[in-house]
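Peer 1:
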Amino acid sequence: MSARIAPPTGPRRYNTPLDDVMCDFESAVARLEGLDPITVEAVRLRVARLHDCRRCRAVRYEVARNDGFDDELSARIDTYETSDLAPDLVAALRLVDAVLLTPTAVHPGLRADLAEHYSPAQVAQLLLVIARFSVNKALVALRVDAPLEDGTTLLTVLPDGSNALARPV
Amino acid sequence: MIPAGIVELQPEVSELLLAAQDAAQISELPHCRAAVIAALENTVPEYGAHLSMLQEAQCAFAEQFAFSVSDVSDTQVLALREHLSESDVWAFVVAVYQLDMETRLALLAEEVL
């Protein structure tokens, strides 16, 4: 799969003023503390798989792994409606699907489903998390979403909200 | 634009997202906004004016981006490259992401917040 433009040159992609502003937004979302790491990781991977982002599918957040996010949990995301995932995770994944798959036909029960598990501020944060991770659409569209290395890569979030790609799992 | 519910609940991040929308100059792409909305609503876009070759290429790309990003074709990107440098293509695609996400957030925020 060939890249359609030259790949990004660094962690802030092409280091343009636009990239700086975009990364500032993404880092700010990463610094929000209202959601647990497993929820964020589940949302991130659902977004990655729906957009078919090769890079995002190949990374795992270290903080989520340390909290127990493993390959088995990762696999259950794909069939979350019939899995035994915790109800709060299912609600978050339903929101991802609503944003990405059915934004004009939202299930009437979704609001109540989310309200059962999340505060309004957390729901707003979920929407921003989905927006943050959906930036991968730009990479996918131009085929500059190649994984950074072979295999699965561990991702660490630095205090400023930026990402550090660490060692393979 | 950021939905009022998101701004109220997450003001600092909303300000940064708005800054990103402004930096992407999405207000200069009304034809692409129409293409995105039509793709999400499964309707025919109404552009209201004759489109240039570049604008036609931009609309085709935006529609595919919104409908199914992994199916954006080489042809659709090459059509952009006939008019835009690689750096301008990247800036345009980021703008389309902003249009796409702005539309989705507007639809969802009303339903869930």
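Just so you know, the sequences run in chain order A and B.
Taken in order, the first sequence gives residues 2 to 170; the numbers are from this note's numbering.
Taken in order, the second sequence gives residues 1409 to 1521; the numbers are from this note's numbering.
Ideal Cβ positions, reconstructed from N, Cα and C, are used throughout, including at glycine.
(1) Counting only Cβ pairs nearer than 9 Å, list the residues of chain B close to residue 2(A).
(2) List the endpoints of the continuous alpha helix (DSSP H) containing residue 96(A).
(3) Span of the beta strand (DSSP E) holding residue 66(A)?
(4) My understanding is that residue 144(A) touches residue 2(A), with C-beta atoms under 8 Å, so please give their C-beta distance in whole angstroms.
(5) Measure from the alpha carbon of residue 1512(B) to the alpha carbon of each residue in 166(A), 99(A), 110(A), then state which is nearest.
(6) Given this structure, state the Cα-to-Cα distance separating residue 136(A) from residue 154(A), to the nearest angstrom.
(7) Report yes if the C-beta distance between residue 5(A) and residue 1501(B) is below 7 Å; otherwise report no.
(8) What's the C-alpha gap between residue 19(A) and residue 1435(B)?
(9) Is there a Cβ from chain B that is less than 7 Å from the Cβ of residue 48(A)?
(10) Please tell me whether residue 1519(B) has its Cβ less than 7 Å away from any Cβ of chain A.
(11) Grouping DSSP H, G and I as helix and E and B as strand, with all else coil, what is residue 136(A)?
(12) I'd like the list of long-range same chain contacts for residue 94(A), defined as Cβ closer than 8 Å, with 5 residues on each side in sequence excluded.
(13) For the segment 74 to 86 of chain A, which residues have a beta carbon sitting closer than 8 Å to at least one beta carbon of chain B?
Peer 2: In terms of the structure at hand:
(1) Within 9 Å Cβ-Cβ: nothing; residue 2(A) doesn't reach chain B, min ~10 Å.
(2) 88 to 101
(3) Premise fails: residue 66(A) lies in the alpha helix (DSSP H), 63 to 67, not in any beta strand (DSSP E).
(4) 6 Å
(5) 99(A)
(6) 19 Å
(7) no
(8) 15 Å
(9) no
(10) yes
(11) coil
(12) 43, 44, 47, 78, 81, 86
(13) none
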